[in-house]
Structure formats: structure tokens, C-alpha cells
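Reminder that position 140 of the sequence shown reads as 151 in my numbering, one-by-one numbering, no gaps.
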Amino acid sequence: MTDSTRIALQNCGKTFADGTRALDPIDLTINGGETLVLLGPSGCGKTTTLRMIAGLEFPDPGGKVFFDQDDVTPLPIEKRSVGMVFQSYALFPNMTVAENVAYGLRIRRTDRAARQKQVTRMLEMMHIAEFADRQIAQLSGGQRQRVALARALAVEPRVLLLDEPLTALDAKLRVSLREEINATLRRLGITAVYVTHDQDEAMALGDRIVAMNKGHIAQIGTPREIYQAPASPFVADFIGTTNRLSGQMQGGTFAHPSLRRALALETPVADGAAEIFFRPNALTLTTAKQADLCGTVTAAFFLGDRVRLHVQTRDDLPPVLIDAPPESLPDQGEVIPLRIDPRQVLVFPATGAAS
Ligand code: ATP
Numbered sequence: 012m013t014d015s016t017r018i019a020l021q022n023c024g025k026t027f028a029d030g031t032r033a034l035d036p037i038d039l040t041i042n043g044g045e046t047l048v049l050l051g052p053s054g055c056g057k058t059t060t061l062r063m064i065a066g067l068e069f070p071d072p073g074g075k076v077f078f079d080q081d082d083v084t085p086l087p088i089e090k091r092s093v094g095m096v097f098q099s100y101a102l103f104p105n106m107t108v109a110e111n112v113a114y115g116l117r118i119r120r121t122d123r124a125a126r127q128k129q130v131t132r133m134l135e136m137m138h139i140a141e142f143a144d145r146q147i148a149q150l151s152g153g154q155r156q157r158v159a160l161a162r163a164l165a166v167e168p169r170v171l172l173l174d175e176p177l178t179a180l181d182a183k184l185r186v187s188l189r190e191e192i193n194a195t196l197r198r199l200g201i202t203a204v205y206v207t208h209d210q211d212e213a214m215a216l217g218d219r220i221v222a223m224n225k226g227h228i229a230q231i232g233t234p235r236e237i238y239q240a241p242a243s244p245f246v247a248d249f250i251g252t253t254n255r256l257s258g259q260m261q262g263g264t265f266a267h268p269s270l271r272r273a274l275a276l277e278t279p280v281a282d283g284a285a286e287i288f289f290r291p292n293a294l295t296l297t298t299a300k301q302a303d304l305c306g307t308v309t310a311a312f313f314l315g316d317r318v319r320l321h322v323q324t325r326d327d328l329p330p331v332l333i334d335a336p337p338e339s340l341p342d343q344g345e346v347i348p349l350r351i352d353p354r355q356v357l358v359f360p361a362t363g364a365a366s
């Protein structure tokens with residue numbers, strides 16, 4: 012797979028027959044050979060976007076889908092040369108592993124010798140050659156998903172589309188299989204679109220991530236950009252664990268009842284209502300004199316490389332989360348003074364809308 016396909020969605024919205032507006036019109040380009048991850052909460056339109064690329068759904072009038080120069084908008088899935096992998100494997104239970112992988116080649120009437128060669132290649136690539144003659148029912152979930160991947164890739168599609176392929180697997184297997192998927196996609200250089208609501212998966216796999224919310228694109232960026240420079244309160248809140256305070260900006264400083272003094276911010280916004288976001292590792296234990304906030308430890312979780320503390324600063328607010336070095340394990344009920352690193356604070360003017 013040398014010349015990887017570039018995908019472009021132009022003005023693609025989707026309103027279903029019952030009137031549900033699943034997707035506002037979006038423009039989205041996926042570069043050839045890129046792995047693009049669609050990430051967002053349930054119902055935000057990820058699967059609908061993927062299905063429009065697949066040719067399983069069609070955009071509302073005015074929307075267009077291009078594979079390179081080809082306008083594929085009216086083409087159904089079987090004419091688009093896409094491979095799909097789903098959460099539910101969707102394998103043929105009455106066929107062996109090898110027969111499943113050969114299926115697409117058989118439909119395309121690939122001759123027997125070429126078919127066998129390709130099936131062997133795919134089984135080896137996905138490390139399932141030893142299961143070639145097994146029935147699907149005799150495989151574990153992880154092995155089934157490998158078969159599904161091998162089957163999707165066997166026909167050398169222009170584009171590989173994956174819809175939450177690892178969700179049904181246990182946590183450890185998910186991590187190891189996602190590493191394998193990552194390596195396979197990179198080796199093949201195939202254009203891939205991957206849907207997930209799991210941000211770790213998105214970070215690990217995506218060249219770029221599309222953060223989606225309520226039928227629109229909230230931000231497109233590399234994993235690092237999305238994590239370190241979220242474009243909106245929605246993205247800041249959705250990606251990673253973060254603390255969030257709603258307060259007031261005045262003269263470059265942010266004031267909030269739980270703060271002992273207004274925080275001078277590095278990149279302030281205009282005076283008025285604002286929200287700040289800071290991650291648990293932006294806080295350090297300090298002296299009472301230097302503290303930005305003080306609170307009572309209500310829970311402490313030893314996580315091996317760090318301790319996650321829940322600190323109640325006020326009764327009417329959720330606890331502030333702090334990551335402290337593993338050797339510091341304050342007692343529950345202890346009152347601790349904390350400093351916030353202002354360089355790690357993001358601020359947004361309060362809009363009232365969760366965009
Ligand atoms: P999840 O993570 O839960 O799979 P998603 O982000 O993939 O969610 P979509 O499946 O794209 O979300 O659905 C977007 C919206 O469109 C949802 O509100 C959903 O209920 C609605 N929807 C999806 N398919 C249809 C359909 N065939 N008819 C009507 N509404 C639909």
C-alpha cells in the first residue's frame with residue numbers, strides 16, 4: 012500500500028429520518044497514511060462521521076466525500092474500497108479463521124494461489140497463523156479482533172475504518188492490541204480513521220485527534236496539542252483529569268473564594284467571569300505562608316508512581332485533585348497547604364456554553 016488515500020469531507024452534515032441532527036456540517040481532511048482518531052462522549056457523532064466515510068450513511072444534501080480526487084459521495088460501501096473493524100468483530104461463525112480472512116478476496120474472485128498467499132501473510136502479520144483452521148467460537152476476544160483486522164486488511168483497502176475495536180476487551184489486552192494496531196498501521200502506511208471514547212487510546216494511536224462534541228468538531232490537533240493547549244473548556248475538561256474553577260478575572264489575576272489570594276496568570280483573559288483549568292500535577296504541597304489554597308485531605312490513592320489526593324477546599328465545591336510524589340502520603344483529615352503553578356493554568360472567558 013504505497014500511495015495512501017487522502018480523505019476529504021466537505022460540508023458533511025447528517026440529519027436522520029426521524030429528525031435527529033447527528034452532525035452539523037463539518038469539513039475534515041485526513042492526510043494520506045495518517046491515523047486520525049475521532050474522540051468524544053457518547054452521542055457526539057463519531058460513528059456517524061465514520062459511517063459517512065465508509066458509505067454506510069450519506070451526508071445531507073450539499074455534503075461531499077472525496078477519496079483523493081474521486082468524489083465517492085454517492086458510492087455505497089462496497090464501491091469505496093474501505094476495510095472496517097467493529098467492536099463486535101462481526102466475523103462469520105461458520106467459517107474458520109483462514110476462511111474469514113479469505114472472504115473478501117473470494118468475493119473479489121482473487122485466484123486461489125494469490126488468495127492463499129495473502130491469507131498466510133495476514134495471519135502471520137496479526138500473529139494468528141497457528142489458529143488458521145480453528146472455528147471462531149474457539150478463539151478469545153483478542154484473537155477474534157486480530158482475525159477481524161486481518162480480514163479487513165486482506166483486500167488491501169484504500170482506507171481502514173475502526174469503530175471502537177477494543178472496547179469489548181479487558182484493559183491489559185486493550186493496551187497490547189492497540190500497540191499492535193499502531194505498529195501495523197504505521198508499517199502499512201494506510202490511511203485510518205479510528206473511533207473511540209477512550210482518551211488513552213486516542214493519545215496512543217492518533218497522529219491527530221478530532222475532539223467532537225454534540226455533533227460538531229471542538230478541536231483538531233496532535234495528541235500533544237489537544238492535551239496541552241485545549242481550545243475550549245469542553246476539550247480541557249474532556250481530555251485528561253483536570254480541576255476546574257469558575258471565578259472572576261480582574262487585571263490579569265483570577266479570583267475565587269477557595270483561593271487565598273488572586274492568582275496572577277501567565278496568559279490572562281479580559282476582566283469578567285472566567286474559568287480556570289489545572290491538572291493534578293500543577294499543584295504542589297507547600298508552606299502555609301506560600302499557599303494558594305488550603306484544604307482537608309478526604310481521600311488518598313497510592314498509584315505506584317504518585318499519590319492522588321482529594322482535597323476539600325470548600326463544602327460547596329468538588330474536591331481538588333492533586334498528584335503528589337509517592338513518598339508523601341498525608342493522613343485523611345489532614346489540612347494541607349497547596350501551591351498552583353501559574354504556568355500550568357489555562358483560562359477561558361466564561362461563555363455559559365459548553366463548547
Ligand atoms: P457512541 O460513542 O455512543 O457510539 P457516537 O459519538 O458514535 O456515540 P453517533 O452514533 O454518531 O454517536 O450518534 C450521534 C447521534 O445521532 C446520537 O444522538 C444518536 O442517537 C443519533 N443517531 C445515530 N444513528 C441514528 C439513526 N439511525 N436514526 C436516528 N438517530 C440516530
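Even for Gly, the Cβ is constructed at its ideal location relative to N, Cα and C.
Predicted, not measured: the structure shown is a model, and the values here were computed from it.
query	result
For Ile118, does the count of other Cβ atoms within 10 angstroms reach 16, so buried, or fall short, so exposed?	exposed
Kindly indicate which three-state DSSP category Tyr100 falls into: helix, strand or coil?	coil
Under a three-way DSSP split, which group does Pro360 fall into?	strand
Excluding the 5 residues preceding and the 5 following Phe313 in the sequence, name in chain order all residues of the same chain whose CB lies nearer than 8 Å to its CB.	Pro337, Leu340
When you compare the CB positions of Val356 and Phe289, do they come within less than 9 Å of one another, or not?	yes
Using the Cα positions of Asp38 and Ala335, report the straight-line distance between them to the nearest angstrom.	42 Å
Have a look at the DSSP bridge pairing and note the partners of Met95.	Leu172
Specify the secondary structure class of Ser15 as computed by DSSP and reduced to three states.	coil
Can you tell me where the beta strand (DSSP E) with Gly217 in it begins and where it stops?	Looking at the DSSP string, Gly217 is not in any beta strand (DSSP E), and its letter there is neither H nor E.
With DSSP as the reference, label Met63 as helix, strand or coil.	helix
With distance defined between alpha-carbon atoms, name the residue in Gly344, Gln98, Ala215, Asp327 nearest to Leu320.	Gly344
Can you tell which of Thr264, Arg255, Ala266 has its C-alpha closest to the C-alpha of Val331?	Arg255
Compare the C-alpha of Thr16 against each of Phe359, Thr40, Asp29, Thr26 and name the closest.	Thr40
Grab the span of the beta strand (DSSP E) containing Ala310 for me, first residue to last.	304-313
Please give the ranges of any beta strand (DSSP E) in the stretch 237-283, keeping only runs that are unbroken, at least 3 residues long and fully inside the region.	254-261, 264-266
Check this for me: beta carbons of Asp211 and Thr233, under 9 Å apart or not?	no
DSSP has Ala293 in a bridge; who is on the other side?	Paired residue(s): none; Ala293 is not in a bridge.
Quick one: residues in its chain with C-beta nearer than 6 Å to the C-beta of Gly262, no 5 flanking neighbours on either side, listed in chain order?	none
Nearest-angstrom Cα distance between Ile231 and Pro72?	25 Å
Compute every distance between the C-beta of Lys300 and the non-hydrogen atoms of ligand 1, then say whether any falls below 8 Å.	no
Taking the alpha-carbon of Glu45 as reference, which of Leu216, Arg155, Gln21 has the nearest alpha-carbon?	Leu216
For Ala302 and Arg350, I'd like the C-alpha separation in whole angstroms.	5 Å
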